[in-house]
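Below is one structure; the comments refer to it alone.
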Ligand code: ADP
Ligand code: MG
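In the working numbering, the protein residues as written are 2 to 293.
Have a look at this one:
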């Protein structure tokens, strides 16, 4: 593309809240055939709320909520923030934790008083020998509805589950239709569990889902698609997404996301609206058509 075409394209993008950080990002975008979308904070609002509480009989509901909020108090994960807010709404005061340890892509471990607690997904519980069969059918029903189960355990077993629901952004369904209308394959990549991810996939008409992906494995998924001959744009908002954004042919960061994600991307969407991904692709195609 000529410098003038690039300048005009960049200007048009900026008017619509689409910031191209380089001429290369604007040019590359016209040739992509695959769009990989992060789920939490990209397709969804990224602000989950606790909707359900399941108990196993070891502690009362108020005790479970107090333990959950205490254990999650130092985690920056959006799910942890949902738990802390839920306790605040119930006027339940958290206890002081003695020690706290995040477990990347899984949850957290913490000590309260003389007990050690675990909070996180099914994989974390299974790795620590916690039996989940008492709640399996109830959890299954919640996950099929698109909710994420957070398990809480003590040395003596599972204490209960808090289910959290993150709302899909109102514009996401239309954005995915627009992307498919441009002939692009739309894929979702998430650390969340497979059943929850599949519920959202079907709700939105996404072609393919990769769930239960550890943060450090997101970029390997992009690399595998590239090895299969795909030209990939990755859209993400989180610290987790930064390596994948850098690896993709074009990295697109949600402007409301973390600084690390923004620094790793060639395109920034100021409005956090996925329809702008489709508009950015259209703009790139128009710029390259005009100068050929
Ligand atoms: P994502 O944000 O896409 O779900 P993460 O890698 O951050 O991906 O987390 C993967 C999963 O690990 C979450 O869906 C959740 O089940 C669990 N998890 C992570 N952090 C926490 C936490 N602080 N409390 C409870 N569960 C957590
Ligand atoms: Mg995210």
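C-beta atoms are modelled at their ideal positions from N, C-alpha and C, and glycine is treated no differently.
Quick caveat, the model's predicted, so the values are computed rather than measured.
For residue i, count neighbouring C-beta atoms within 10 Å of its own C-beta (all shown protein chains included) and say buried if the count is 16 or more, exposed if not.
i           : result
residue 192 : buried
residue 58  : exposed
residue 203 : exposed
residue 250 : buried
residue 284 : buried
residue 164 : buried
residue 5   : exposed
residue 3   : exposed
residue 148 : buried
residue 116 : exposed
residue 142 : exposed
residue 144 : buried
residue 197 : buried
residue 170 : buried
residue 225 : exposed
residue 229 : exposed
residue 11  : buried
residue 130 : exposed
When you compare each of the options to residue i by their alpha carbons, which one comes out closest?
i           : options            : result
residue 62  : 135, 146, 162, 41  : 162
residue 172 : 218, 44, 131       : 44
residue 103 : 30, 122, 134       : 122
residue 160 : 74, 286, 118       : 118
residue 120 : 89, 145, 74        : 74
residue 114 : 198, 72, 225       : 72
residue 174 : 124, 167, 128, 275 : 275
residue 252 : 282, 228, 155      : 282
residue 105 : 97, 227, 286, 218  : 218
residue 155 : 110, 27, 88        : 110
residue 183 : 286, 39, 26        : 286
residue 201 : 26, 11, 39, 89     : 39
residue 78  : 146, 291, 167      : 167
Which same chain residues end up closer than 6 Å to residue i when comparing Cβ atoms and leaving out the 5 residues on each side of it in sequence?
i           : result
residue 185 : 36
residue 112 : 99, 100
residue 295 : Since the first and last residues shown for the chain are 2 and 293, residue 295 lies out of range.
residue 136 : 55, 162
residue 41  : 47
residue 24  : 7
residue 32  : 232
residue 29  : 250, 251
residue 139 : 55
Identify, in the order they occur along the chain, each residue of the same chain with its Cβ nearer than 7 Å to the Cβ of residue i, setting aside the five sequence neighbours on each side.
i           : result
residue 93  : 63, 66, 67, 70
residue 180 : 36, 187, 278, 279
residue 177 : 187, 205, 206, 207
residue 223 : 37, 233, 235, 245, 248, 249
residue 80  : 49, 149, 151, 165
residue 34  : 185, 186, 231, 232
residue 76  : 103, 109
Taking 8 Å as the limit between beta carbons, can you name the residues of its chain near residue i, skipping five residues before and five after?
i           : result
residue 9   : 288
residue 91  : 63, 66
residue 220 : 244, 245, 247, 248
residue 157 : 59
residue 194 : 122, 123, 144, 149, 150, 212, 213
For the stretch 233-240 against the stretch 255-275, do three or more pairs of beta-carbon atoms, one drawn from each stretch, fall closer than 8 Å, so that the two count as touching? yes
Across the stretch 212-223 and the stretch 43-55, are there enough close Cβ pairs to call them in contact, namely three or more that are closer than 8 Å?
no
Next on the checklist: Taking 8 Å as the cut-off, does the stretch 69-89 touch the stretch 43-51 (at least 3 CB pairs, one atom from each stretch)?
Outcome noted: yes
Across the stretch 16-24 and the stretch 267-278, are there enough close Cβ pairs to call them in contact, namely three or more that are closer than 8 Å?
yes
- Which ranges does the alpha helix (DSSP H) cover as unbroken runs of at least 4 residues, wholly within the stretch 43-100, from first to last along the chain? 62-73, 79-90
Could you tell me which uninterrupted beta strand (DSSP E) segments, each at least 3 residues in length, are contained entirely in the stretch 105-142, listed from first to last along the chain?
108-113, 116-121
Worksheet item: Taking only runs of the beta strand (DSSP E) that begin and end inside the stretch 159-210, which ones reach a length of at least 3 residues, in chain order?
Response: Listed in chain order, they are 186-190.
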